[in-house]
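*Asks:* This structure is in structure tokens; I'll ask about it shortly.
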Amino acid sequence: DGGITQSPKYLFRKEGQNVTLSCEQNLNHDAMYWYRQDPGQGLRLIYYSQIVNDFQKGDIAEGYSVSREKKESFPLTVTSAQKNPTAFYLCASSTIAGADTQYFGPGTRLTVL
Amino acid sequence: QKEVEQNSGPLSVPEGAIASLNCTYSDRGSQSFFWYRQYSGKSPELIMFIYSNGDKEDGRFTAQLNKASQYVSLLIRDSQPSDSATYLCAVNWSSGSARQLTFGSGTQLTVLP
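Here the protein sequences come in this chain order: A and B.
Following the numbering used here, the numbering of the first sequence begins with 573 at its first residue and continues without gaps.
Following the numbering used here, the numbering of the second sequence begins with 793 at its first residue and continues without gaps.
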């Protein structure tokens, strides 16, 4: 089955700790995205990547880092510099031509203890 | 700043009625418009996209686009309780060679049996 997987589904972080969220896709999409969603809010773009070994900051990149070493994978690290990381994190992917519709993974819910 | 505005609701309609969801956007250069459905605790799933002025129908769903008024809407005919969800409007815009989506905060729809 083609799709986007995210792990873990739930993640708990202690203050001062870095954590990494996984995102993998087998859709052969070039572009991948990370969004953050807070309760009652829309999605805000953290980082995106259109090609391996290249990525761009979105609207709220501070306190986050990413890598894109493989086309299929786009992990997100939430660093201790992110002061309010409790949120629902969504990974998406798309082609970069034509419709460029974004499709989403199931999400990771991060809670700071 | 690219902005997408939606009525937050909640919007309640009786089963079998037409639900009308509205969205306005600020960037006149936007070319692509998307509607996603998000059930509570789940990730967004694509319902429809529209590029051209006018109506686009897919089953019980109709998307309407008016670029002159910077307005896009989603009509759901014969609403069912299973349609109860938050509906996110997303607008595509270009930044150099990259294309991004800006999301509205969503409209919560409840279909009453």
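Ideal Cβ positions, reconstructed from N, Cα and C, are used throughout, including at glycine.
Remember, predicted model here, so these are calculated numbers, not experimental data.
Quick check: is the beta carbon of residue 884 of chain B nearer than 8 Å to any beta carbon in chain A?
*Replies:* Counted from its first residue, the second sequence places residue 884 of chain B at position 92. Yes, contact with chain A.
*Asks:* Short check: CB of residue 635 of chain A to CB of residue 658 of chain A, under 8 Å?
*Replies:* Reading the first sequence from its first residue, position 63 is the one you call residue 635 of chain A. Reading the first sequence from its first residue, position 86 is the one you call residue 658 of chain A. No, the Cβ-Cβ distance between residue 635 of chain A and residue 658 of chain A is not below 8 Å.
*Asks:* Going by beta-carbon coordinates alone, are residue 838 of chain B and residue 854 of chain B separated by less than 8 Å?
*Replies:* Along the second sequence, read from residue 1 onward, the residue named residue 838 of chain B stands at position 46. Along the second sequence, read from residue 1 onward, the residue named residue 854 of chain B stands at position 62. It is not a contact, given that the beta carbons lie outside the stated cut-off.
*Asks:* When you compare the CB positions of residue 798 of chain B and residue 814 of chain B, do they come within less than 8 Å of one another, or not?
*Replies:* The sequence position of residue 798 of chain B within the second sequence is 6, counting from 1. The sequence position of residue 814 of chain B within the second sequence is 22, counting from 1. Cβ atoms of residue 798 of chain B and residue 814 of chain B: closer than 8 Å.
*Asks:* Determine the direct distance from the alpha carbon of residue 836 of chain B to that of residue 898 of chain B, and round the result to whole angstroms.
*Replies:* Here residue 898 of chain B refers to the residue found at position 106 of the second sequence. Here residue 836 of chain B refers to the residue found at position 44 of the second sequence. Going from the Cα of residue 898 of chain B to the Cα of residue 836 of chain B covers about 11 Å.
*Asks:* Among the candidates A:606, A:596, A:576 and A:622, whose CA atom is the shortest distance from the CA of residue 672 of chain A?
*Replies:* As a position in the first sequence, residue 672 of chain A is number 100, starting the count at 1. Among A:606, A:596, A:576 and A:622, the Cα nearest to that of residue 672 of chain A is on A:622.
*Asks:* Does residue 557 of chain A get closer than 8 Å to chain B when you measure Cβ to Cβ?
*Replies:* Here chain A covers residues 573 to 685 and nothing more, so residue 557 of chain A does not appear.
*Asks:* Here's the rule: buried if 16 or more other CB atoms are within 10 angstroms of the residue's CB, otherwise exposed. What is residue 680 of chain A?
*Replies:* As a working mapping, residue 680 of chain A is identified with position 108 in the first sequence. So residue 680 of chain A ends up on the buried side.
*Asks:* Which whole runs of the alpha helix (DSSP H) in the segment 591 to 634 of chain A are 4 residues long or more, in chain order?
*Replies:* You should have found no qualifying run.
*Asks:* Tell me, please, whether the CB atom of residue 838 of chain B is closer than 8 Å to any CB atom in chain A?
*Replies:* Position 46 of the second sequence, counted from the first residue, corresponds to residue 838 of chain B. By this cut-off, residue 838 of chain B is an interface position.
*Asks:* With a threshold of 8 Å, are at least 3 pairs of Cβ atoms found where one atom belongs to the segment 599 to 606 of chain A and the other to the segment 799 to 811 of chain B?
*Replies:* Result no; under three Cβ-Cβ pairs closer than 8 Å.
*Asks:* If we call anything under 8 Å between Cβ atoms a contact, is residue 857 of chain B one with residue 614 of chain A?
*Replies:* As a working mapping, residue 857 of chain B is identified with position 65 in the second sequence. As a working mapping, residue 614 of chain A is identified with position 42 in the first sequence. Taking 8 Å as the Cβ cut-off, residue 857 of chain B and residue 614 of chain A do not qualify as a contacting pair.
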